[in-house]
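Structure first, commentary second.
Residue numbers (our numbering): 1278 to 1391.
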């Protein structure tokens, strides 16, 4: 399943399920984009976060098996019209698969890490 983020300046949204979140850069929207995700209050987890531009992985990280407070990932990309930014929240742990098993914030916006 994939969640499509509407065109324009997408901003932030709360996430709580494993999914692939995609944003397509609109025509005339070529610019530098920041994709940033933070998941808080993780149970012992197998969550992996991946940020892709088109099909190329730009950044990736995994949560350790032990309980931790948060996992964060951010990447700045120079995007052309029609580029697809994907943020993938995946897990190999069955406890992460249920609805509302974690809570996080996904932010995709024009600009960099300033």
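A virtual CB, placed ideally from N, CA and C, is assigned to each residue, including glycine.
Rounded C-alpha distance that separates residue i from residue j
i, j, result
"residue 1339", "residue 1316", "11 Å"
"residue 1295", "residue 1366", "5 Å"
"residue 1306", "residue 1377", "33 Å"
"residue 1308", "residue 1359", "11 Å"
"residue 1312", "residue 1371", "26 Å"
"residue 1375", "residue 1369", "12 Å"
"residue 1288", "residue 1304", "18 Å"
"residue 1351", "residue 1290", "15 Å"
Nearest neighbour of residue i, chosen from the options [CA to CA]
i, options, result
"residue 1279", "1355, 1332, 1298 and 1368", "1298"
"residue 1327", "1349, 1307, 1309 and 1306", "1349"
"residue 1301", "1380, 1351, 1331 and 1371", "1331"
"residue 1379", "1355, 1386 and 1347", "1347"
Within-7 Å CB hit, residue i to chain B
i, result
"residue 1338", "Absent from the structure: chain B. Only one protein chain is present."
Residue i vs residue j beta-carbon contact at 7 Å
i, j, result
"residue 1383", "residue 1364", "yes"
"residue 1333", "residue 1389", "no"
"residue 1393", "residue 1324", "The structure shown does not extend to residue 1393, since the chain is modelled only from 1278 through 1391, so no value can be given for it."
"residue 1282", "residue 1381", "no"
Residues that DSSP places opposite residue i in a beta bridge
i, result
"residue 1295", "Answer by DSSP bridge pairing: none, since residue 1295 is not bridged."
"residue 1288", "1385"
Q: Let me know the beta strand (DSSP E) ranges lying completely inside the segment 1300-1381, each 3 residues or longer, listed in chain order.
A: With a minimum length of 3 residues, the continuous beta strand (DSSP E) runs that stay inside the segment 1300-1381 are 1308-1319, 1324-1330, 1333-1339, 1345-1356 and 1361-1368.
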